[in-house]
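Novice:
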């Protein structure tokens with residue numbers, strides 16, 4: 139599970155896509171080296187004044203598709219995350235994994251770690267910068 143978190147947030151990516159915000163799921167990044175695309179749900183971004191000792195926290199849903207050619211199916215991961223823009227930190231809230239046919243592989247509320255720093259030049263930093271642009 140930790141490996142999945144690192145793939146979602148800590149693997150450097152090639153580009154931050156700029157797609158129309160009218161689409162619910164907006165592409166954040168595409169990493170062809172690992173056949174992975176990650177989207178943010180623009181309709182459910184929530185800003186909380188306070189959460190777990192952090193102020194002005196963004197709660198977001200990410201959806202990541204990975205083509206697992208060796209297993210002959212595509213995997214979808216939906217992750218609910220919290221981001222503290224002022225402290226450049228994030229926390230994972232829950233995660234659900236699905237096969238491309240909708241079959242649930244895993245679904246759980248998780249507390250893998252408490253708030254963690256966002257690694258520079260990572261996918262986490264791309265998400266952080268996206269949310270900062272929304273904040274302006």
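In our numbering, the protein residues as written are 139 to 274. Glycine included, each C-beta is placed from N, C-alpha and C at the ideal position.
Tell me whether residue 265 is buried or exposed, calling it buried when 16 or more other Cβ atoms sit within 10 Å of its Cβ.
Specialist: The residue in question, residue 265, is buried, as its Cβ has 16 or more Cβ neighbours within 10 Å.
Novice: Assign residue 242 to one of two classes, buried (16 or more other C-beta atoms within 10 Å of its C-beta) or exposed (fewer than that).
Specialist: Looking at its Cβ environment, which holds fewer than 16 other Cβ atoms inside 10 Å, residue 242 is exposed.
Novice: Where does residue 202 land, buried or exposed, given buried means 16+ other C-beta within 10 angstroms?
Specialist: The residue in question, residue 202, is buried, as its Cβ has 16 or more Cβ neighbours within 10 Å.
Novice: Quick check: residue 256 and residue 228, are their CB atoms within less than 7 Å of each other?
Specialist: A contact, by the Cβ cut-off of 7 Å.
Novice: Ends of the beta strand (DSSP E) at residue 201?
Specialist: Note, residue 201: beta strand (DSSP E), 192-206.
Novice: For residue 186, report the span of its beta strand (DSSP E) as first-last.
Specialist: Residues 184-189.
Novice: For residue 169, which three-state DSSP category applies?
Specialist: DSSP places residue 169 in strand when its eight states are reduced to three.
Novice: Using the three-state DSSP reduction, which class does residue 265 fall into: helix, strand or coil?
Specialist: Correct three-state label for residue 265: helix.
Novice: Would you please state the rounded distance, in angstroms, between the beta carbons of residue 223 and residue 273? I believe it to be under 8 Å.
Specialist: So it is a contact: roughly 6 Å between Cβ atoms.
Novice: Helix, strand or coil for residue 252, going by three-state DSSP, please let me know.
Specialist: DSSP places residue 252 in coil when its eight states are reduced to three.
Novice: State the Cα-Cα distance for the pair residue 236 and residue 212, rounded to the nearest angstrom.
Specialist: Their backbone Cα atoms lie some 8 Å apart in a straight line.
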